[in-house]
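Following numbering that gives the first Met the number 0, the numbering of the sequence shown begins with 0 at its first residue and continues without gaps.
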Amino acid sequence: MEEVQEFDIAVIGAGSAGPKAARIAAAGGAKVVIFEEALIGGECLYTGCVPSKSLIHSATLWNRMQRASEFGLPKWSGGEIDFGAIMRQVHRSIEEVGGGSALDSFSRQGITTVCERVRFIGTHTIETSKTKVRYSAKQFILCTGSLPTFPPIEGLEAAGCDTNRTVFEWKTLPKRIVIIGGGPIGCELGQVYRRFGSEVTILLNGKRILARDDADTAAVLSQQLISEGIRIAIDITIEKVERRGDEKVLLLAGGEVIVCDAILVSTGRKSNVAGLSLDEAGVHCDEGGRLKTNAYLQTTAPHIWAAGDVTSEYKFTHVAAYEGAVAASNAVSVLYGKEPCCPADYRVIPRVTYTDPEVAGVGLTPALARVSHSEEVIDIARFPFAHLDKAIITGETTGFVQIVSLKTDGTILGAQIVGTSAGGLINEMCLAMHANLPVAEIALTMHAYPTLPEAVEAAALSSSDAPLSPCLDSYVARE
Ligand SMILES: Cc1cc2nc3c(=O)[nH]c(=O)nc-3n(C[C@H](O)[C@H](O)[C@H](O)COP(=O)(O)OP(=O)(O)OC[C@H]3O[C@@H](n4cnc5c(N)ncnc54)[C@H](O)[C@@H]3O)c2cc1C
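1. With DSSP run on the structure shown, which of helix, strand or coil describes glutamate 246?
2. Is alanine 476 buried or exposed, if buried means 16 or more other CB atoms sit within 10 Å of its CB?
3. Consult DSSP for valine 132 and reduce its assignment to one of helix, strand or coil.
4. Mapping DSSP to helix, strand and coil, what is glycine 422?
5. Mind checking whether the beta-carbon of histidine 317 lies closer than 7 Å to any heavy atom of ligand 1?
6. So, using beta-carbon positions, are isoleucine 80 and glycine 228 closer together than 8 Å?
7. What's the call for cysteine 340, buried or exposed, on a 16-neighbour Cβ count within 10 Å?
8. At which residues does the beta strand (DSSP E) containing valine 403 begin and terminate?
9. What is the residue span of the alpha helix (DSSP H) that lysine 291 lies within?
10. Using DSSP with H/G/I as helix, E/B as strand and the rest coil, what is proline 466?
11. By the 10 Å Cβ neighbour count, where 16 or more other Cβ atoms means buried, how is alanine 414 classified, buried or exposed?
12. Where are the alpha helix (DSSP H) runs, 4 residues long or more, that stay fully inside the segment 84-131, in chain order?
13. Which residues in the same chain as phenylalanine 167 place their Cβ atom closer than 7 Å to its Cβ, once the five residues preceding and following it in sequence are excluded?
14. Give the straight-line distance between the Cα atoms of cysteine 114 and glutamate 427, rounded to the nearest whole angstrom.
15. Does DSSP classify alanine 457 as helix, strand or coil?
16. Could you tell me how far apart the beta carbons of alanine 158 and arginine 242 are, in whole angstroms, since I believe they sit closer than 8 Å?
17. If I follow the unbroken alpha helix (DSSP H) through valine 388, where does it start and stop?
18. Who are the near neighbours of serine 468 in its chain, counting only those whose CB is closer than 6 Å to its CB and skipping five residues on each side?
19. DSSP three-state label for tryptophan 169, please.
20. Report back the beta-carbon spacing between serine 270 and serine 145 to the nearest angstrom; my notes put them in contact at under 8 Å.
21. Helix, strand or coil for leucine 430? Go by DSSP, reduced to three states.
22. Can you give the beta carbon distance from threonine 364 to valine 358, rounded, assuming they're within the 8 Å contact cut?
23. Per DSSP, what kind of secondary structure is glutamate 36 in: helix, strand or coil?
24. For serine 362, which option in Lys337, Glu374, Ile416, Phe149 has the closest C-alpha, if you only look at C-alpha atoms?
25. Kindly identify the DSSP beta-bridge partner or partners of threonine 200.
26. Any heavy atom of ligand 1 closer than 7 Å to the Cβ of aspartate 308?
27. Secondary structure at alanine 359, three-state DSSP: helix, strand or coil?
28. Pick out whichever of Asp260, Ile208, Val219 has its Cα sitting closest to the Cα of isoleucine 235.
29. Can you give, in chain order, each stretch of the beta strand (DSSP E) that sits fully within the segment 289-337 and has at least 3 residues?
30. Can you list, in chain order, the residues of its chain with a C-beta nearer than 7 Å to that of alanine 326? Leave out the 5 residues immediately preceding and following it.
31. Around the Cβ of asparagine 435, are there at least 16 other Cβ atoms within 10 angstroms (buried) or fewer (exposed)?
32. Secondary structure at arginine 194, three-state DSSP: helix, strand or coil?
33. Can you tell me the Cα-Cα spacing of valine 201 and valine 258, whole angstroms?
34. Aspartate 212 by DSSP, collapsed to three states: which one?
35. Cβ of serine 145 versus every heavy atom of ligand 1: is any distance shorter than 7 Å?
36. Any beta carbon of chain B sitting closer than 8 Å to that of cysteine 186?
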């Protein structure tokens with residue numbers, strides 16, 4: 000009989016969730032193996048956050064160079080970008096961020112790494128695809144990520160379209176780009192390509208971009224993208240896509256025809272579970288194909304846990320790593336004969352779209368707050384960057400900070416920020432919500448002058464929970 004290598008915990012996938020899960024499990028005393036079929040670092044490092052943020056950085060610098068004269072510098076006298084050079088920089092960023100050997104760091108922590116694809120061949124046994132080596136484990140953590148989805152449009156895939164899996168390999172910049180989908184990926188990359196000189200059209204089947212974000216913050220971004228020359232077309236039905244020579248032709252309901260050189264599809268993600276033979280292990284997906292898990296991130300098989308994009312509603316790197324830690328903590332508890340100890344807590348999840356201006360949010364938007372609370376108890380405090388000294392100095396006055404709280408006791412329900420560095424600014428709101436601080440505590444915290452975070456303080460100061468001054472409140476009756 001073939002030898003089976005035995006472990007306490009097997010982690011499948013080494014993107015953002017898997018390494019965190021493996022490290023926590025090893026730190027908890029388990030004998031751990033992690034499997035990766037491609038490159039350690041996964042989507043975020045190679046085809047997601049890192050390359051997109053590197054491209055965004057180049058596009059932002061290019062934009063600021065063109066605005067130089069606003070700051071008293073010599074007027075920008077033109078010039079061409081070298082897209083190939085920019086993409087080489089993107090790949091240098093990937094190398095540097097990935098830096099060092101993940102394999103070495105795993106082995107220092109006593110984690111065995113196997114660089115192969117695996118699938119289940121029994122409830123507790125998996126097999127590598129090429130070498131056919133078998134591994135058994137008491138607990139498994141599935142961290143296999145997600146894949147881009149394609150809308151069911153006749154001819155779309157045959158005409159040749161791109162996703163985040165292929166765009167970072169582009170060597171030249173397409174002249175005319177159509178982006179299907181107006182979520183974070185579509186907006187971020189659409190703005191980048193427009194700033195580098197492409198004609199960009201974003202096609203939506205709904206009414207607005209960033210449909211999951213606060214409508215007012217999305218509207219600020221929408222206005223900015225349009226002002227830069229991006230066409231955003233709403234309520235669109237694409238009936239058919241054809242390839243004519245090197246061109247792609249989109250035929251829309253209503254008769255419009257759009258001709259372009261590249262189509263970027265960014266319409267959503269699906270759990271990457273194909274080929275895992277999950278049925279062998281008793282793991283089931285829901286009707287939409289998402290891996291089902293309970294509050295402890297336990298799948299329908301009690302000894303199998305899942306973390307990250309493969310199961311999460313929140314497809315972010317920070318959530319994947321958090322869920323990896325939660326799943327591993329529970330797997331280790333069960334390994335020691337205890338109950339799962341750690342339910343996933345999604346109350347404070349920051350979400351950021353790294354456009355210029357950035358769009359960030361945490362907790363409830365005003366619209367969602369109205370679903371769970373009556374209008375009379377909700378306070379919405381807003382402070383525009385146009386009134387903030389630092390933003391005026393740097394010429395970045397677009398946007399605002401908005402805090403949604405309860406009038407009764409200042410409990411913060413959520414916050415939305417649109418503006419420069421919104422992604423960094425939202426972290427103060429995350430800390431306040433995590434620590435259950437009322438909005439008055441932000442108002443009472445001294446913020447350095449002149450800085451962008453003062454906008455958070457100013458929004459808090461305009462909330463109904465804000466104190467009149469650090470000490471007057473106890474003496475002066477408030478209206
Ligand atoms: C363009 C883009 C930009 C993004 N920008 C941001 C951002 O700025 N901030 C942010 O927070 N999030 C961002 N995200 C989302 C983020 O990249 C994902 O949420 C995160 O990478 C998910 O991590 P994961 O570990 O769940 O999955 P992944 O990183 O996809 O890792 C899964 C790993 O499992 C491996 N695998 C799969 N099946 C098997 C198998 N059978 N055997 C062995 N190995 C297997 C895969 O090869 C892969 O390496 C972005 C995503 C995209 C597409």
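Ideal placement from N, C-alpha and C gives every residue a C-beta, glycine not left out.
According to the structure shown:
1. strand
2. Caution applies to alanine 476, whose pLDDT of 48 falls short of 50 and renders its modelled position unreliable; the value that the coordinates give is listed next. Burial call: exposed.
3. coil
4. helix
5. yes
6. no
7. exposed
8. 399-405
9. Counting along the chain, lysine 291 falls outside any alpha helix (DSSP H), and DSSP gives it neither H nor E.
10. coil
11. buried
12. 101-107
13. Thr46, Pro50, Val89
14. 39 Å
15. helix
16. 4 Å
17. Sequence check: residue 388 is aspartate here, not valine. Looking at the DSSP string, the run of the alpha helix (DSSP H) that includes aspartate 388 is 388-393.
18. none
19. coil
20. 6 Å
21. helix
22. That pair is no contact at about 12 Å.
23. coil
24. The amino acid occupying residue 362 in the given sequence is glycine; serine does not appear at that position. Residue Ile416 is the option with its Cα nearest to glycine 362.
25. Val177, Arg230
26. yes
27. strand
28. Ile208
29. 303-305
30. Ala20, Ile140, Leu296, Trp304, Ala305, Ala306
31. exposed
32. helix
33. The amino acid at residue 201 is misidentified as valine; the sequence shows isoleucine. Computed Cα separation, rounded: 13 Å.
34. coil
35. yes
36. No chain B appears in the structure shown, which is made up of a single protein chain.
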